[in-house]
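Protein chains in written order, with my numbering: chain Y, 11 to 160; chain S, 1035 to 1316. Cβ coordinates follow ideal geometry from the N, Cα and C atoms, glycine included. A short worksheet on the structure shown next.
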Amino acid sequence: MPDHDAAMLVHYLVVGAMLFGLGATGFLARRNIIVMFLCAEMMLQGVSLSLVAWSRYHDDFGGQLLVLFIIAVAACEAAIALALVLMLFRRRGSLDIVLWQDLREADQPPAVDRELPESPPEPAPEWPRLAPAGRQPEVPREETEYRPHV
Amino acid sequence: MIDARIIILLAVLLGGAGVWQMLPRGAARGRATGAVLAAASLGLFASQLPGWSDWVAGALFYVLAGVTLASAACTISFRSPVYAAIWFGMSLLGTAGLFLTQGAQFLAVATVVVYAGAILVTFLFVLMLAEPTGRAHYDRVSWEALVSASCGAAFVGVLTATLLGVVTVQGDYPGFRGEAREDRTVPFGPPGRLVRPGNLPGQTQQGQVLADEHVKALGDALFGRHLIAVQVAGVLLLAALVGAAVIVGRSRGPLVGPPAGPPHGALGTLPDHQGPGGDGHA
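Structure (structure tokens):
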């Protein structure tokens, strides 16, 4: 049934293209380095989905094997990217990609952030109040140092 | 009857506008509006796709695809990077389900294990180092949200229009069906049960991908025909491992950077990292 197979193939290819498009949009728009990395992985997922659909359509394992190698390369990429993100975070103390804009072309103007209106502060969380029972436990002093809040 | 191209164009425009509304844009809040627009766009796209002969398979596909795409949209639109990572994991699960419906059982499991189990968790660890709450300034704004969404929507539109044009000629695209490829000689690996690369859509040989012994057949293909590629992938993994260790272990600064980065614009000065180093982390 080549017609049915072709119809099924088209569905999966459209979803793969949409995943790729969403990933590309996020990669272009977001400023958090890690979210940019996740968007790159999402583009890989879109391509993988297309490859698997083609593999089913041709009844050939080539597409699935290529996806296997994509997964291997993505694992390598994640390891290297994790190391790089840690290094970048150590250097600038933030995951903002704009802090690395001195890597841009020489004649490009720097990106200047527009002043955002301050978002309204979120209301303090309402913790449940328990009836006091017993005496208050003593919290070790060193524990309060590295655990500032719950 | 409206022309299909008009509907596709409308769907692309709606989808682009929806994604643009959903992206974080400072104080503007349009996530609900964007979600409605994007859902309408998906419906228009779905109306142009060919129908399913089996309604159970169609319903399964639409549920899985909806979960995948909605989670992907949430990934790029949520401000908190932790939520974005978790939604990305949900999108991965949807993708794994789509793999499963296409007969790629091993790949579905491998995706869940490798991506959701290893890569995503590792990046959640890194996110814990930074500000995970989404209150950071750079998480609340986007680069050129309108242009980015337009680029993505144009890409999807071009691909979709091309695809649907292909389908209307009933798969008889030139140069594809006519030339039957020969059964190529396999340069490496043992001869025997190898996947023939010449299964074209019109041919009758069926049931390789959907065979019962799926993993066995996949392993035959992987370690027979593609044995050298497997070796190269292993070397690549090793090189990545060594490279990551070298990159991270080179400097012995504090694991967590200074609490406040340099102000925007003061990019020439690097913060000094001669803190209490040497605490032994790698």
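Assigned with DSSP and collapsed to three states, Y:D106 falls in strand.
Around the beta-carbon of S:G1085, fewer than 16 other beta-carbon atoms lie within 10 Å, marking it exposed. Residue-level contact check: S:V1282 touches chain Y, since one or more beta carbons of chain Y fall below 7 Å from its beta carbon. For S:R1059, the three-state secondary structure derived from DSSP is strand.
As summarised for the segment 1248-1285 of chain S, the continuous alpha helix (DSSP H) elements at least 4 residues long and confined to that stretch are 1248-1254, 1261-1283, given in chain order. Distance from the CA atom of S:G1068 to the CA atom of S:V1280, rounded to whole angstroms, is 44 Å. The alpha-carbon of S:F1133 is positioned some 13 Å away from that of S:A1091.
Under the 8 Å Cβ criterion, the segment 1174-1194 of chain S counts as touching the segment 1055-1065 of chain S, having at least three qualifying pairs.
A Cβ-Cβ contact shorter than 7 Å links S:A1183 with S:V1053.
Between S:A1107 and Y:L29, the gap from beta carbon to beta carbon reaches 7 Å or more. Look at the segment 1049-1083 of chain S: the residues with a C-beta under 7 Å from a C-beta of chain Y are V1053, L1057, G1060, A1061, F1079, L1083.
V77, L78, F79, I81, A82, V83, A84, A85, C86, E87, A88, A89, I90, L92, A93, L94, V95: these are the residues of the segment 76-95 of chain Y whose beta carbon lies less than 8 Å from some beta carbon of chain S, given in chain order.
One Cα belongs to Y:L48, the other to S:A1074, and the distance between them is close to 26 Å. Chain Y has a Cβ within less than 7 Å of the Cβ of S:A1274. Judged by DSSP secondary structure, Y:E51 falls within the alpha helix (DSSP H) whose first and last residues are 43-68. C-alpha of S:G1131 to C-alpha of S:L1180: approximately 32 Å in a straight line. Across the segment 21-41 of chain Y, CB contacts with chain S closer than 8 Å involve H21, Y22, L23, V24, V25, A27, M28, L29, F30, G31, L32, G33, A34, T35, G36, L38, A39, R40, R41, in sequence order along the chain. The beta carbon of S:G1128 sits closer than 7 Å to the beta carbons of L1098, V1101, T1102, S1105 from its chain, once the five residues preceding and following it are set aside; these are given in chain order. In the structure shown, S:G1123 falls within a helical segment according to DSSP collapsed to helix, strand and coil.
At a cut-off of 7 Å between beta-carbon atoms, S:F1122 makes contact with chain Y.
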